[in-house]
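See structure below.
Numbering (mature numbering (1 follows the signal peptide of the UniProt record, and there is no 0)), first residue to last: -19 to -1, 1 to 697.
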């Protein structure tokens, strides 16, 4: 309704949604709402299993390989519910009985004494190598998957089993990480039944089996293995190294002044064959360094996120310099927080090329080692850029090997880019558990989009924009509940090619599209304010953005999210299409005018025409409550939302005030009321001196009368 007369616009409720923190998702979708968008596929095949883990993704064959309790599953990456291939691989009945005789298994059947599949790696074009806990007796075998996915071939190689010791942990609760490289399996595992002997192991292949030093807490101290990644160091293949990410108990934790847990990155040379006289069948190039992820508070106190949870390696054009994304949480139970830190390989290498850590002095404190460094420098690979004359680690001097044994730790820690986290969460009731990253080309540049799994079963989609050299702007584009029954996210894999995210938990697996642009709204401004690199306004809808689309027909602004600049000509059309909502109130009573903008990050202001005195108003987060209504409160109320300095009307409410006497007369019962609406008499009890007033009232409130009649019909 347009008003041409001059009216006084009075601000009633300013900034009713005023202080949302930056971590507030702009869109939150429940599992039910996510299903309605048709951008999600929960795995629909039910069988008696648990502990779903995505262990391998084959982009070429379009297959996702899932390991769980006693099952191995091959899924179509385009549609995980399309003819899944399932292998039942249980531990034998005898082995389960033996497991339970040792006291394992707990109160619930098969909680430990079962075969939990923990490793699936490609052996060659046609076969996979897989390992499981085997009811506390690790076991491995091969799977024949055929040449092409179209063959629908997926079965265990008959008659072949192999010991899984050094490849897979005994205890399903102990995490392990593995990578199969050139026929050699590198694993971070616990090697023994009791779980007290952790190791970085190399097995299989034609190279000798090697491992970390046994029962030496300077090397590994109660570690939890998170990720293993081969990364070349130079153009010389002999320099190639394996990087492994883990967290471990601090050696200095007993003193009380040091953190109890530390995040680490370690490395070994792929061509390390162990020592000749010392460290025989042990790594002679093993080194490790601390990963630091921390924030400094306003009081100058530094808070560390030391519990490394997950790592994602983002390739770049230079295969020697991928970007390392890591998810951390706080180690204590009092302060709950999470962070994402990003590291460059150049910073990591600089630390490994720096001083070694050494305990020295009367306080036995860690100091940089200042003595003579033996040749070859510890951590250097044989036959590489700096050691062309050495063919094997067995040719290393005893001095170099013994130095590595005593000094595996680097003195300097590795700090993230800009020495600060990319994303921080504190004061929230959840923690990040996993991460996947996608690089997305938008109209105004390339953006890194973070998908962060949480321990409450949601996935947040986040981008971080640079504001200036010292500040960034974090945007939580959406948070979606990906499981029917909430459960912590265990593993995540992303396919940029197929625009899909695959998320697993203890009880299930879900396939989620990377974008659902229509949920942002039906207006150009809604699409622009979303600032989602996957989405753009195409002239009619908020739809998936493709860089090949003609520039004239797309509207997108990730850096600024400015609808005034991007949506010229569209904003006025939206205002005209906005429908008025007619709402009734009765004199002397109260009424609530609701206004909920799409984004919780928007601030709200109500404007309405006012001729007389100001009325009593109660501010709320969803609208305004008007008390003791009178005829002067009737009029048009405009709900204005402001987001990113863009103001637009999101609701227009026409409030009509009903005369209390007439309403009471209309609804007065002739006799004691019951469930039959026929006993309610619609009477016309107007006094003679108010006939004209009543006639005007009926003309102006025909809508109300229709609603009242409809209600009566419903009750009849």
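The C-beta atom is built at its ideal place from N, Cα and C for all residues, glycine as well. None of these values were measured; they are calculated from a predicted model.
Cα-Cα separation, residue 151 to residue 293: 26 Å
In this structure, how does DSSP classify residue 446 when only helix, strand and coil are distinguished? strand
What are the boundary residues of the beta strand (DSSP E) that residue 423 is part of? 413 to 423
Please list the terminal residues of the continuous alpha helix (DSSP H) segment that includes residue 23. Note, residue 23: premise wrong, no alpha helix (DSSP H); beta strand (DSSP E) at 21 to 23.
Quick check on residue 163: does DSSP put it in helix, strand or coil? coil
Beta-carbon within less than 7 Å of residue 134's beta-carbon, same chain only, minus the 5 sequence neighbours each way: which residues are those? 125, 126 and 127
Between the beta-carbon of residue 275 and the beta-carbon of residue 286, is there less than 8 Å? yes
What are the partner residues of residue 350, as DSSP defines its beta bridges? Residue 350 pairs with nothing; no bridge assigned.
Classify residue 282 as buried or exposed, calling it buried when 16 or more other Cβ atoms lie within 10 Å of its own Cβ. exposed
Suppose the cutoff is 7 Å on Cβ atoms and the five residues either side in sequence are ignored; what does the same chain contact list for residue 174 look like? 117 and 151
For the putative contact between residue 510 and residue 544, defined by C-beta atoms under 8 Å, what is the C-beta separation to the nearest angstrom? 6 Å
Rank 348, 345 and 377 by C-alpha distance to the C-alpha of residue 359 and give the top, closest one. 377
Please list the segments of the beta strand (DSSP E) lying wholly inside the segment 291 to 321, counting only runs of 3 or more residues, in order along the chain. 304 to 310
How many Å lie between residue 194 and residue 386 at the Cα? 8 Å
Find the nearest neighbour of residue 704 within the set 30, 60, 27 and 204, judged by alpha-carbon distance. The chain is shown from -19 up to 697; residue 704 falls before or after that span and cannot be answered.
With H, G and I counted as helix, E and B as strand and the rest as coil, what does DSSP make of residue 517? strand
Measuring only the C-alpha atoms, how far is residue 701 from residue 191? The requested residue 701 does not occur in the structure, where the chain is confined to residues -19 to 697.
Span of the alpha helix (DSSP H) holding residue 125? No alpha helix (DSSP H) contains residue 125, which is instead part of the beta strand (DSSP E) from 120 to 125.
So, under 8 Å CB-CB, residue 406 and residue 4 are touching, yes? Tell me the CB distance rounded to an integer number of Å. 6 Å
My output table needs one value for residue 505: the three-state DSSP class, helix, strand or coil. helix
Enumerate in chain order the residues of its own chain whose CB-to-CB distance from residue 46 is below 8 Å, with the five nearest sequence positions on each side excluded. 35, 36, 37, 38, 39, 53, 54, 55, 56, 101 and 109
Judging by CA-CA distance, which residue of 212, 224, 311 and 199 is the nearest neighbour of residue 206? 224
In DSSP terms, what residue 251 is bridged to: DSSP output for residue 251 lists no bridge partner at all.
Going by DSSP, which residues form a beta bridge with residue 561? 633
Per DSSP, what are the beta-bridge partners of residue 429 in this structure? 420
If you measure between the beta carbons of residue 493 and residue 20, is that distance less than 8 Å? yes
Residue 492 bridges to which residues according to DSSP? 22 and 483
Segment limits, beta strand (DSSP E) that includes residue 55: 52 to 57
Leaving out the 5 sequence neighbours to the left and right, which residues in its chain are closer than 7 Å to residue 379 when beta-carbon positions are compared? 258 and 259
Using three-state DSSP, classify residue 472 as helix, strand or coil. strand
Please determine whether the Cβ atom of residue 522 lies at a distance below 7 Å from any heavy atom of the ligand ZN. In terms of ligand content, the structure shown is empty, and the ligand ZN therefore cannot be addressed.
Per DSSP, the bridge partner or partners of residue 39: 44
Let's see if you can read the secondary structure: which residues bound the alpha helix (DSSP H) around residue 384? 379 to 387
Local conformation of residue 329 per DSSP, three classes: helix
Where residue 156 and residue 438 are concerned, what is the direct C-alpha to C-alpha distance, given to the nearest angstrom? 20 Å
Tell me where the beta strand (DSSP E) around residue 225 begins and ends. 222 to 230
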